[in-house]
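Chains as they are written, first to last, in the numbering used here: chain A, 1 to 137; chain B, 1001 to 1137. Positions of the beta carbon are idealized from the N, C-alpha and C atoms, including for glycine. The structure appears right after this line, and notes come after that.
So, in structure tokens, the structure goes:
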């Protein structure tokens, strides 16, 4: 859109961003980078506004499958903490807030059709609420 | 049900079954074993009669996420060939029938809640229709 030029001086953008797979999970929110915003735009949410998310440990173990809405994906991108949408509780669910079993997200991938997401994570403690490392154990 | 005793002599059951993770993908249909039937019964299908299925290569690479109905799961269990339900074509879809990129399924797992399935596979050729090894490449 053309119009008045933006007054960029007021809110300077950070000059560099660490690549997606190099960021630690500080839990601090920060603005989305351009690559992250593009990644988010590639995701096609279903009729409920949700997308299935696979969480995979860095060693290759598939830990769980859960669901995310746009807000959960954005929170994960901003904070690098695995965040989902709980369909049963109907609320945003940041993994580990209750159990302490947090997920540091080291990479986020979207599949070729945009209808599935993969979080590569470093999982603290078991991922499964039954105490197993993986929900598929 | 009580009644006339079954005439078992006509159709003898196979005496032994190879364990789930030891079977090759002959593509031949065979009766479901008791363990397989139990596994199938643990799966909770959603309101569309579907469950998300993760296909993972034996080396840990997540290849794709697709969907299965009960028929697709049963076909996978019987034939050890990765079989799904195509939501776009609304038909059973045995991976590789068109592309030749078949999936030999060496293990099938159901998650703790019964609402996600994992096929461990040996993938021939690329899993992704774009020619990539994984849809998450």
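### Message
Beta-carbon within less than 7 angstroms of residue 1084 of chain B's beta-carbon, same chain only, minus the 5 sequence neighbours each way: which residues are those?
### Response
1053, 1066, 1067, 1068, 1072, 1093, 1095
#### Entry: Segment limits, alpha helix (DSSP H) that includes residue 127 of chain A
Looking at the DSSP string, residue 127 of chain A is not in any alpha helix (DSSP H), and its letter there is neither H nor E.
### Task
Check whether the region 1116-1130 of chain B touches the region 100-110 of chain A, counting contact only when three or more Cβ pairs, one atom from each stretch, lie closer than 8 angstroms.
no
### Task
Report yes if the C-beta distance between residue 63 of chain A and residue 57 of chain A is below 7 angstroms; otherwise report no.
yes
### Query
When DSSP labels each residue in this structure, what does residue 1023 of chain B get in the three-state scheme?
Caution is warranted here: a pLDDT of 43 is assigned to residue 1023 of chain B, below 50, making its placement in the model unreliable, and no coordinate value can be reported.
### Task
Using a threshold of 7 angstroms, state whether the C-beta atoms of residue 60 of chain A and residue 1060 of chain B are closer than that.
yes
### Task
Report the residues of the region 1039-1056 of chain B with a CB closer than 8 angstroms to any CB of chain A, ordered along the chain.
1052, 1054, 1056
### Query
For residue 1082 of chain B versus residue 1103 of chain B, is the C-beta distance shorter than 7 angstroms?
yes
### Message
I'd like to check one pair, residue 136 of chain A with residue 1039 of chain B: are the Cβ atoms closer than 7 angstroms?
### Response
no
### Message
I need the straight-line Cα distance from residue 1034 of chain B to residue 1080 of chain B, nearest angstrom please.
### Response
16 angstroms
### Task
List the residues that DSSP assigns as beta-bridge partners of residue 109 of chain A.
A/118
### Message
Taking CB distances under 7 angstroms as the criterion, tell me whether residue 1060 of chain B reaches chain A.
### Response
yes
### Task
With a cut-off of 8 angstroms on the beta carbons, I'd call residue 55 of chain A and residue 121 of chain A a contact; round off their distance for me.
5 angstroms
### Task
May I ask which residues mark the beginning and end of the beta strand (DSSP E) holding residue 1083 of chain B?
1083-1086
### Query
Taking the runs of the beta strand (DSSP E) that are 3 residues or longer, which of them lie wholly in the region 1048-1102 of chain B?
1051-1057, 1062-1068, 1083-1086, 1091-1094
### Query
Alpha carbon to alpha carbon, how far is residue 1098 of chain B from residue 37 of chain A?
35 angstroms
### Message
Here's the rule: buried if 16 or more other CB atoms are within 10 angstroms of the residue's CB, otherwise exposed. What is residue 1088 of chain B?
### Response
exposed
#### Entry: Per DSSP, cross-strand counterpart(s) of residue 1036 of chain B
Answer is none; residue 1036 of chain B lacks a bridge partner.
### Query
Using a beta-carbon distance cut-off of less than 7 angstroms, what residues from the region 100-122 of chain A approach chain B?
109, 111, 112, 116, 118
### Message
Just checking: is the beta-carbon of residue 1073 of chain B within a distance shorter than 7 angstroms of some beta-carbon in chain A?
### Response
no
### Query
Between the C-alpha atoms of residue 1113 of chain B and residue 30 of chain A, what's the straight-line distance to the nearest angstrom?
34 angstroms
### Task
Compare the C-alpha of residue 1091 of chain B against each of B/1111, B/1115, B/1045, B/1070 and name the closest.
B/1070
### Message
In whole angstroms, give me the CA-to-CA distance for residue 1086 of chain B and residue 1111 of chain B.
### Response
22 angstroms
### Task
Taking only the alpha-carbon atoms, compute the straight-line gap between residue 5 of chain A and residue 41 of chain A and give it to the nearest angstrom.
Because the pLDDT at residue 5 of chain A is just 47, under 50, the model does not fix this residue reliably, and the value given afterwards should be weighed accordingly. Straight-line Cα distance between these residues: approximately 25 angstroms.
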